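Following our numbering, the numbering of the sequence shown begins with 586 at its first residue and continues without gaps. All C-beta atoms in this analysis are idealised placements derived from N, C-alpha and C, irrespective of residue type, glycine included. A quick note: this is a predicted structure, and the numbers were derived from the prediction, not measured. Working notes, beginning with the structure itself.
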Amino acid sequence: MKAANHDAVKALWGEGEPSVRRARLLHVTGLVLPNGLRCADLLLFFREDMQGDLLLYAPAKPDGQEWIELPSLWAVSVEIGTWTRNEAGREYLAQQLSPDDRETAREYFAHVVDKPVSWDSGKDLRAGGTGFRACLENIVAMGLAHNLAQVQLDESPRWYSALPLDSRRNISSLSQELLVHQRAFNEQLADFEVFVDFAKRTVAKAITPYLRRRGVLEPVDPATILIDYSPGLAGRDTKTASLLDLVIHGYDDNSGIDDPRKGVRSSVGQDLRQVRSAELALYIRRAYVGERYGKETRAKFLDVDSPAYIKRRNTYRHMLLIRMDRDLRVAKGKGLLNDSEFWWLTRQVTLLGESVPVFGPEYPGTVVRREGVVRFTVDGHVVLGVYVFTYFDPKRSSWLYTPDAPDGVTFRRYRDFSGGVAARLHDYVVGRVALTAREKVRRSLVALATASARVDALRELNRVIDIRAEFDAYIERSVTDVEDVTTSRTEVIEGQVIKGLLFASAPVCMVYPPFVLLLDIALITVSSGQAIEAHVQGDTESALWHWMFAAWGALFALFGPQIMGAVRHLWHVVKPVSLSVQRLRYAALVATKESDLTLRPIRFKAHQAVKRVPENLVEVTEEGIFKGTWRSPSSASQPRDIHFIKHKGRYYQVKTHPSFNGLRLVDARSPGALYQEPLRRMSNGKWIYDKPGLLGGNGEVSYLGRVDDLRAAFPGHVFPDVSRGALQGEAVVARFSEAVADNYLFSLNAQTCVIASLHNPTTGMGAVIHFDHNIRALIERCLRDITQRLGGVAQDIRATLVGGDWLTGTDIGGRVRSAMRRQGLQPTWDYWSYSSCFGSTYGVALDLRSGVTSVFKTSRGQVERYYIPVLARAKKSADPVSVRARGFMRRVRNEPLVANPSGAISTGQGRPVTSAQIEAQAFSTVLLS
């Protein structure tokens, strides 16, 4: 607040002085909302001539800014209107009103969220009355009246008073029981340490010995130690961060922090002149507080052998079940549920409390077809503590359970979660999803609010089978959120490798730039550009390979054929080799194919855009080939929907191609042209050229690049059903069927392993095999079995190999390819890694309908997040997937076996093996109906 405004407000306390002085004082008034509802605590200070600033006083405002200087009454209205944009602001305004008016106000705020222009910004919000003392007296009187009304509603709301005595007793009893369990649970989690406290304690303890050596004897909060640094290669901008922030988030080692002359500062005036940032940096680099927090928290609260763990899970179970039961009875008392709905929903709570599941297991990816409770998801991301109750009477009926929802509705129809409901619950939902998913969930909620997307399908993988497991999810979420915002040891090492490669190649590129002209310009410039783009997007793995291609190109330009001699020497040194010399000869060709042609971005030209901006456009957010486009709905003058891509303010029409499930770019100058550019949307939202051609030609394999969401790699963008995926050492076989929802097979996590995709278009049969060793007899046995199951002749079978590495590791792919050729197959093998150190993690999805094999890259974290729940469930379940998962874990625990070039089999350490050990490595076959 300006000093003059502060003095003017302070002068109001002398309002009893002579009238001449009072004429110069600020006037004070209360405020009313545009719909006429009076606010209890808001005050507006203004001068009679309306000159100078208007001062808005909002005590206990959520963001902490209680005094706001504004230039006009219009600005006052706009400022208060902006508070309705988030849940905290809407609830703050609602609490300013009488309890009887709050429901009306919430409906009004919801309408404003749906249609912001409904907030009348031109309306004068002053309530009348300009005396300071009178306003204060009015605030006190209104506050007292509101509190008394709230107490009456809390103790005996009208709907509660209208209930029969037995119903009131049941609700009261459940509320008391819930309170007891909540207190017990809080006591059991009394030693749970939030991450910030853990980080402060850990860092303070670690740096105390160093600080004492530097003469700092008093305790120092690491959040008060300030370090100036300059991030980035150029280091032009200087920033300031606390030691605690640097420990948590890490820093660029070109920031100047390692300068031994650089000191630090204290934000609270402590003497830290002898402390050096470079010496603190030694600790920063090895702190890994997020990793340590995760390990300690999991060990303390998720130790399955701990009696305290069992006790906490049981308490959490009782608390959830009682809460659900109480909320159901409250919803029934409010008239939100009829007798039949109440009976069915109460039955779901009862079944959830049973220790033994009522039904047998189902495949996780299938749609829910039986009653129960399912975790609520938005765009596939779980909303913690929110559930969907579903039953069949006889048709499906699904109810969304939203405890503590800001609109006061705990049970509502699941399909009603759209439009205004999705807008009102926006902040409520976002606050309950994982940190890394919040941006995607925000976009999905906006789409739901505009009715351009639908709620997620309910799938078995999200079914709540053991309510006690929700405690594990509660703890795990608190840990994973921390791990997502901190720097782990693995990420730091990966970053150092990339940075080392970049600086190693930099001198050559800077000293000899003209030699770039001697090379294939497309290879070098495209690879460098894509590397920079990948760094910006956080795709460190892609960045690494693009930099490598660019660096190799520059080295070849500088040294010419001489470098091939060095490579040949390397060929003799590194063994066992995994691919042929031909692979080296065509490395640049394959790199260009993978990095340039396949993922070439679309160049939108202005003359291709439509001349007039289409009307009534709606963004398409639901999964499918049109996701990311804008739809112009059909009308009397337009018989069908038309889709457009928005790019730099222009709109480009796209339409489906009649011969394949893809999009074509329509040139506005010649919309009837025979050739129209094929394009598709990547998971990061960018549009790239799609591979043209019909099935059976060059459309047999589609390279998708790196996918951030596994669903982007599957037909219809569905979440992959784990039962249709080949685990390590498995072959999964299936036939295309119109009666089955999921017509695909897949496998993930091919690094040194090799995934084979086989499809016979004649019989409609397909298979995916995950080879994890190079034992010839077992590979050939598996291939004979699979080719027989695929039917037809070998020449009809399309075979694709993905994975394996070039420089190091066991030659799995070579053995598999040779075995396939001996059986009459002609496999292609275009996607592999240079080595296990700088490897890619590949995934493969085979579309049984089209026969197209999609190849994509994933991060290790994606694979872990997908399979860890499956492996955890396998320990206690007997469903087919769990049985397979237990077999996979046994296989992984066995000592790996290796066959040398002569065919002799031994352990990785060279020890001889028994026939039983070899047979344990046989590939199992899963036949899906």
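Separation of residue j from residue i, as counted between CA atoms
| i | j | result |
| --- | --- | --- |
| residue 963 | residue 1331 | 24 Å |
| residue 987 | residue 937 | 17 Å |
| residue 1432 | residue 1275 | 17 Å |
| residue 929 | residue 985 | 14 Å |
| residue 772 | residue 1349 | 60 Å |
| residue 1024 | residue 1013 | 14 Å |
| residue 1176 | residue 1416 | Residue confidence for residue 1176 is low, a pLDDT of 36 falling below 50, so the modelled location carries little weight; the figure read from the coordinates is stated next. Rounded to the nearest angstrom, the two C-alpha atoms are 9 Å apart. |
| residue 1249 | residue 1041 | 28 Å |
| residue 842 | residue 1207 | 46 Å |
| residue 1165 | residue 1484 | With a pLDDT of 33 at residue 1165, under the threshold of 50, the modelled position of this residue cannot be trusted, and the question is left open. |
| residue 1482 | residue 759 | 60 Å |
| residue 972 | residue 960 | 5 Å |
| residue 732 | residue 968 | 33 Å |
| residue 980 | residue 1000 | 14 Å |
| residue 951 | residue 1333 | 19 Å |
| residue 755 | residue 902 | 20 Å |
| residue 1437 | residue 1296 | 16 Å |
| residue 1514 | residue 1319 | 7 Å |
| residue 781 | residue 1063 | 12 Å |
| residue 1492 | residue 1506 | 12 Å |
| residue 831 | residue 790 | 16 Å |
Assigned exposure category for residue i - 16 Cβ within 10 Å defines buried
| i | result |
| --- | --- |
| residue 1414 | buried |
| residue 1344 | buried |
| residue 804 | exposed |
| residue 824 | exposed |
| residue 834 | exposed |
| residue 764 | exposed |
| residue 852 | exposed |
| residue 1047 | buried |
| residue 1359 | buried |
| residue 1305 | buried |
| residue 812 | buried |
| residue 592 | exposed |
| residue 1115 | The predicted position of residue 1115 is uncertain, since its pLDDT is 46 and thus under 50; no value can be drawn from it. |
| residue 1388 | buried |
| residue 1341 | buried |
| residue 1477 | exposed |
| residue 686 | buried |
| residue 884 | exposed |
| residue 807 | buried |
| residue 775 | exposed |
Sheet register partners of residue i (DSSP bridge)
| i | result |
| --- | --- |
| residue 1491 | 1483, 1497 |
| residue 1353 | 1317, 1342 |
| residue 1217 | 1227 |
| residue 1426 | 1443 |
| residue 929 | Residue 929 pairs with nothing; no bridge assigned. |
| residue 1262 | DSSP lists no partner for residue 1262. |
| residue 1291 | 1442 |
| residue 916 | Bridge partners of residue 916: none, in fact. |
| residue 619 | Paired residue(s): none; residue 619 is not in a bridge. |
| residue 1347 | DSSP, once it has assigned bridges, lists no residue as partnering residue 1347. |
| residue 1203 | 1216 |
Residue-chain proximity (residue i, chain D), Cβ-Cβ < 8 Å
| i | result |
| --- | --- |
| residue 903 | Here chain D cannot be found, since the structure has a single protein chain. |
Residue i beta carbon near the ligand ZN (any heavy atom closer than 7 Å)
| i | result |
| --- | --- |
| residue 1054 | As for the ligand ZN, it is missing from this structure, which has no ligand bound. |
Pairs of beta-carbons, one from the stretch 1198-1216 and one from the stretch 1231-1241, closer than 8 Å: are there three or more?
yes
Touch test, the stretch 1400-1411 against the stretch 1377-1388, Cβ-Cβ under 8 Å, three pairs minimum:
yes
Are there three or more Cβ pairs, one per stretch, closer than 8 Å when the stretch 1000-1008 is compared with the stretch 689-700?
yes
Is there contact between the stretch 1315-1332 and the stretch 1350-1359, where contact requires at least three CB pairs shorter than 8 Å?
yes
Quick test of the definition: if touching needs 3 or more C-beta pairs under 8 Å, does the stretch 720-739 touch the stretch 1019-1038?
no
In chain order, what are the residue ranges of uninterrupted beta strand (DSSP E) at least 3 long that sit wholly in the stretch 941-988?
957-963, 966-977, 981-986
In chain order, which continuous runs of the alpha helix (DSSP H) of length 4 or greater are located wholly inside the stretch 1366-1410?
1397-1407
Report yes or no: do the stretch 615-624 and the stretch 674-686 share at least 3 C-beta pairs separated by less than 8 Å?
yes
Jot down the residue ranges of each uninterrupted beta strand (DSSP E) in the stretch 1430-1482, minimum 3 residues, whole runs only, in chain order.
1438-1443
Going residue by residue through the stretch 663-707, where are the continuous alpha helix (DSSP H) segments of at least 4 residues, counting only ones entirely within it?
672-680, 687-699
Go through the stretch 1019-1063 residue by residue and report every complete run of the alpha helix (DSSP H) that reaches 4 residues or more, in order.
1023-1034
Evaluate contact between the stretch 858-865 and the stretch 795-804, counting only Cβ atoms and requiring at least three cross-stretch pairs below 8 Å.
yes
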